[in-house]
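Structure, as structure tokens:
2 protein chains.
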Amino acid sequence: MQTIEELLESKNIRVTAMRLLIYKFLTEKQIAVTLSDIENAFEKADRTTLYRTVKTFEEKDIVHQIDDGTGITKYALCEKGCNCEIETDLHLHFHCNNCNETVCLTEHKIPQIKVPDGFVSENVNLVVKGICDKCSGQ
Amino acid sequence: MQTIEELLESKNIRVTAMRLLIYKFLTEKQIAVTLSDIENAFEKADRTTLYRTVKTFEEKDIVHQIDDGTGITKYALCEKGCNCEIETDLHLHFHCNNCNETVCLTEHKIPQIKVPDGFVSENVNLVVKGICDKCSGQ
DNA sequence: AAAATCAATGCAATGGAAGTGCAATTACTG
DNA sequence: CAGTAATTGCACTTCCATTGCATTGATTTT
Numbered sequence: 000m001q002t003i004e005e006l007l008e009s010k011n012i013r014v015t016a017m018r019l020l021i022y023k024f025l026t027e028k029q030i031a032v033t034l035s036d037i038e039n040a041f042e043k044a045d046r047t048t049l050y051r052t053v054k055t056f057e058e059k060d061i062v063h064q065i066d067d068g069t070g071i072t073k074y075a076l077c078e079k080g081c082n083c084e085i086e087t088d089l090h091l092h093f094h095c096n097n098c099n100e101t102v103c104l105t106e107h108k109i110p111q112i113k114v115p116d117g118f119v120s121e122n123v124n125l126v127v128k129g130i131c132d133k134c135s136g137q
Numbered sequence: 000m001q002t003i004e005e006l007l008e009s010k011n012i013r014v015t016a017m018r019l020l021i022y023k024f025l026t027e028k029q030i031a032v033t034l035s036d037i038e039n040a041f042e043k044a045d046r047t048t049l050y051r052t053v054k055t056f057e058e059k060d061i062v063h064q065i066d067d068g069t070g071i072t073k074y075a076l077c078e079k080g081c082n083c084e085i086e087t088d089l090h091l092h093f094h095c096n097n098c099n100e101t102v103c104l105t106e107h108k109i110p111q112i113k114v115p116d117g118f119v120s121e122n123v124n125l126v127v128k129g130i131c132d133k134c135s136g137q
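Just so you know, the protein sequences line up as chains A and B, in that order. So the first sequence is residues 0 to 137, counted in numbering that gives the first Met the number 0. So the second sequence is residues 0 to 137, counted in numbering that gives the first Met the number 0.
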């Protein structure tokens, strides 16, 4: 079990107060968050800083970007089983039409998608929309 | 074989010169187009008109919206086999990282996606990225 | 056919999100 | 401790989506 400081250092990311806070925020949220979500959580910090922090995390494969079809890019921590640095990894995300939350279903692998002759598949983005477990249970 | 006029009327859309032109443009393009694409094709027309025309087509299930991950929404004509009015229809689109074009692969059905207990799947958006047939053939 | 009604179009403006340049600050290195 | 490099904050810019309102055009009613 390594600390957040150790994790950042192992990824060659300079440890700053801001980065620790944002990382902590991401671990607490179990869902994918937008930049605005982070912005609302840290009203003191500048939006650009948050933007660039997340971009840094993304470059270093600490978070991955999610396009769930809402038009707003979301970010989520890469967990064990999330090999998003590998181009061919299949990202499966679930977007709830009710609560508008998006979760990563990293443990749910999806089958290989066949494409017609001549097409070369490099990456797959799969977003399932519907009602999530929290909303369907009510 | 029905004319465009008849098609629009059957969908309760008033026939105007603009709408006929835009529909014709969409049939000629075999790929999904952005609003800007349409704008460039009709420089005389106002952007708002084009926007609202496409939105009207979308409401009446003449075109469907595609989110291919470029951040810009694209539109494509619904063809036979494209039952996008049906919530459970699987939209499979291919986005070429080389020429930046997006095509509908309506004839390529994808397998049922399993989601964890408690989750209810209503809709699936699947975008495959890679190199399209035109670009890979070069 | 003219008047009245309703939809479609064009113009102007707004809003939201992504991204950039630069100066100031903060953290590392020798 | 001085110098260097990275980080942060502020001010802008850009791009696309969207809306309000006035005007034009088409359809219906009398």
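All C-beta atoms in this analysis are idealised placements derived from N, C-alpha and C, irrespective of residue type, glycine included. Remember, it's a predicted structure, so these values are computed and weren't measured experimentally.
Endpoints, beta strand (DSSP E) assigned at phenylalanine 93 of chain A: 89-95
Cutoff 8 Å: leucine 34 of chain B Cβ touching any chain A Cβ: no
List, in chain order, every chain A residue whose beta-carbon is nearer than 7 Å to that of histidine 63 of chain B. What histidine 63 of chain B touches in chain A: nothing, since even the nearest Cβ is about 12 Å away.
Under the three-state reduction of DSSP, which class applies to isoleucine 12 of chain A: helix, strand or coil? coil
Contact check, glycine 68 of chain A vs aspartate 67 of chain B, beta carbons under 8 Å: no
Distance between glutamate 38 of chain A and arginine 46 of chain A (C-alpha atoms, nearest Å): 6 Å
Anticipated Cβ contact below 8 Å, threonine 101 of chain B with histidine 94 of chain B, distance rounded: 5 Å
Can you name the residues of chain A whose CB is closer than 8 Å to the CB of isoleucine 30 of chain B? Residues of chain A passing the Cβ test: none, with the nearest at roughly 13 Å.
On the three-pair Cβ rule with 8 Å, is the segment 0-12 of chain B touching the segment 120-133 of chain A? no
Chain B contacts made by the segment 40-71 of chain A, where a contact means CB separation under 7 Å: Asp66 and Gly68
Sort A:Ala31, A:Glu121 and A:Lys23 by Cα distance to glutamine 111 of chain A and report the nearest one. A:Glu121
Counting only runs of 4+ residues fully inside the segment 9-82 of chain B, write out the alpha helix (DSSP H) ranges in chain order. 16-27, 34-40 and 46-58
Quick one: does lysine 73 of chain A have its CB under 8 Å from some CB of chain B? no
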